[in-house]
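Okay, so here's the structure we're looking at.
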Amino acid sequence: MKIGILALQGDFIEHTYIISKLGAHSVAVRQPEQLEGLDGLIIPGGESTTMLKLMHEYNLFQPIKELAHSGLPVMGTCAGMVLLAKKVFNPDMNTLSLMDIEVRRNAFGRQVDSFETIISMPALGDEPFAAVFIRAPLIENSGPDIDIMGRLADGRIVAARQGNILAFSFHPELSNDSRIHSYFLEITAGFKSEDRKEAISKAATPVD
Ligand code: GLN
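Take the sequence shown: its letter number 80 is residue 860 in this note's numbering, and every next letter is one higher.
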């Protein structure tokens, strides 16, 4: 299994450690060619505005969008989740728009900039997940095709799935718990290489 980790900015390194620990191969993605042959892609936390700018500069925006449309499993964490959302508040931005969710950036204000809390996530089993939030975004609205995977105790949505796309408000790579990455690897295993070959080489060609 070959998992790409978008390595333009932010905390991509921690994802590579977990992916390797789980026995998959990780590739730092900085060039469109590095998207070829991937079984999945992780968009890490960081600063979504900067990452978006760099994705355009490095000609990665359009290929990633096309690969996701062709079925490539993509997991976005924190800023990565912002980049997947159809609509973003605070401020509005032109994202990859791959998930029918509306996301507010920096939704927790200054006082609770960072915190850790327990999230119940039935898809991962009975044991709750200890989630680390850092200037985190929140899913304020979600469309009918969204599976809500996790909520805060007050009901606010912090984890969601839409088919091959996963999004988390928090940083699963910072918890000593690899279940979210394992779950993502299970999804990538279901994504058959033969079906996507053509779509990938086409999408990995940079567009002007
Ligand atoms: N506040 C950042 C953003 O909206 C996300 C923070 C993070 O990824 N830890 O881009």
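We treat Cβ as the ideally placed atom computed from N, Cα and C, and that holds for glycine.
Item, Value
"Local conformation of Phe841 per DSSP, three classes", "helix"
"Reference Met861; option with closest CA among Pro824, Ser850, Asp934, Gly851", "Pro824"
"Lining residues of ligand 1 - beta-carbon closer than 6 angstroms to any non-hydrogen atom, in sequence order", "Gly825, Gly826, Glu827, Ser828, Cys858, Ala859, Val862, Arg885, Asn886, Ile914, Arg915, Pro917"
"Within 8 angstroms, strictly: CB atoms of Leu904 and Arg941", "no"
"Inter-residue spacing [alpha-carbon to alpha-carbon] between Val809 and Ala887", "28 angstroms"
"Closest residue to His961 among Leu786, Leu802, Gln789, Met781 (Cα-Cα distance)", "Leu802"
"Collapsed DSSP secondary structure at Gln814 in the structure displayed", "helix"
"Where the alpha helix (DSSP H) through Thr857 begins and ends", "It is not in any alpha helix (DSSP H) - Thr857 instead sits in the beta strand (DSSP E) that spans 854-857."
"Cβ shell of Asn944 (< 6 angstroms), same chain only, five flanking positions each side left out", "Gly851, Pro853"
"Between the CA atoms of Arg890 and Val987 - distance to the nearest angstrom", "Here the model assigns Val987 a pLDDT of 48, short of 50, so the residue's position is not dependable and the matter cannot be decided."
"For Val809, three-class secondary structure by DSSP", "strand"
"8 angstroms Cβ cutoff met for Ala767 and Ser894", "For residue 767 there is no data in the structure shown, the boundaries of the chain being 781 and 988."
"Euclidean distance between Cα positions of Gly784 and Asp934", "34 angstroms"
"Straight-line Cα distance separating Asp819 from Tyr965", "Note on residue identity: the sequence assigns Leu, not Tyr, to residue 965. The straight-line gap from Cα to Cα measures roughly 9 angstroms."
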